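K.L.:
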Amino acid sequence: MSSPATYPLTLRAGDTETVSVTLQDSSGAAINITGRTYAAQVRATVDAASPLATFTCTITNAAAGQFACTLSATTTAALSTGVAVWDLQEINGSTVTTLLAGPVKIDRDVTR
């Protein structure tokens with residue numbers, strides 16, 4: 011089993027934030043992700059009981075291996091500035107794989 015790729019995020023509270031992903035095999039060919047689902051959350055710490063925010067993940071082009079995970083402006087506006095953690099998981103039948111993980115820096119908007 012491989013480790014997830016480290017992918018640090020910077021979120022601006024009050025902005026819509028989207029992480030777009032294209033999955034490819036080792037030769038660079040698209041991985042067809044038909045039938046798979048994706049989930050991503052931000053938590054204060056890895057061990058925190060509840061998420062600070064949950065992304066909405068949508069497959070945008072299954073044959074091309076493309077999906078996007080989005081946090082709404084309303085969701086990010088509720089976040090406090092600071093540092094948290096996040097990860098993104100693929101659910102393929104009964105197999106769950108963490109694809110991306112890392113720190114999250116949360117900044118405030120100046121314009122409100």
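11 is the number of the first residue of the sequence shown in this note's numbering; add one for each residue after it.
Here a beta-carbon is modelled for each residue, glycine too, at the ideal position from N, C-alpha and C.
Remember, it's a predicted structure, so these values are computed and weren't measured experimentally.
Would you tell me roughly how many angstroms separate the C-alpha atoms of Ser104 and Arg118, rounded to the nearest one?
P.N.:
Position 94 of the sequence shown, counted from the start, is the residue given in the question as residue 104. Position 108 of the sequence shown, counted from the start, is the residue given in the question as residue 118. In a straight line, the C-alpha of Ser104 is about 38 angstroms away from that of Arg118.
K.L.:
With Thr55 as the anchor, note down where its beta strand (DSSP E) starts and where it stops.
P.N.:
Numbered from its first residue, the sequence shown carries residue 55 at position 45. Neither: Thr55 is in no beta strand (DSSP E) and is coded neither H nor E.
K.L.:
Quick one: what does DSSP say Thr32 is sitting in, helix, strand or coil?
P.N.:
Position 22 of the sequence shown, counting from 1, holds the residue named residue 32. Thr32: strand per DSSP, three-state reduction.
K.L.:
Taking DSSP's pairing of strands, which residues face Asn42 in a bridge?
P.N.:
Indexing the sequence shown from 1 puts residue 42 at position 32. According to DSSP, which records beta bridges pairwise, Asn42 is partnered with nothing at all.
K.L.:
With a cut-off of 8 angstroms, do at least 3 Cβ pairs link the stretch 40-59 to the stretch 68-79?
P.N.:
The stretch 40-59 vs the stretch 68-79: in contact.
K.L.:
Using the rule of at least 16 other Cβ atoms within 10 Å of the residue's Cβ for burial, across every protein chain shown, is Ala50 buried or exposed?
P.N.:
Numbered from its first residue, the sequence shown carries residue 50 at position 40. So Ala50 counts as buried.
K.L.:
Quick one: what's got a C-beta closer than 6 angstroms to Ala74's C-beta in the same chain, skipping five residues either side?
P.N.:
Taking the first residue of the sequence shown as position 1, residue 74 is located at position 64. Correct list, in chain order: Ala40.
K.L.:
For Thr55, which residues of its own chain have a beta-carbon under 8 angstroms away from its beta-carbon, when the five flanking residues on both sides are left out?
P.N.:
Counting from one through the sequence shown, the residue named residue 55 turns up at place 45. For Thr55, where only same-chain residues beyond five positions count, the Cβ hits under 8 angstroms are Ala94 and Val95.
K.L.:
From this set, Ala87, Thr91, Thr84 and Val114, which residue's C-alpha is nearest Asp97's C-alpha?
P.N.:
On the sequence shown, position 87 is the one that residue 97 refers to. Per the Cα distances, Val114.
K.L.:
On the criterion of 16 or more Cβ atoms from any shown chain inside 10 Å, does Ala88 qualify as buried, or is it exposed?
P.N.:
Translated into positions along the sequence shown, residue 88 becomes position 78. Exposed, since its Cβ has fewer than 16 Cβ neighbours within 10 Å.
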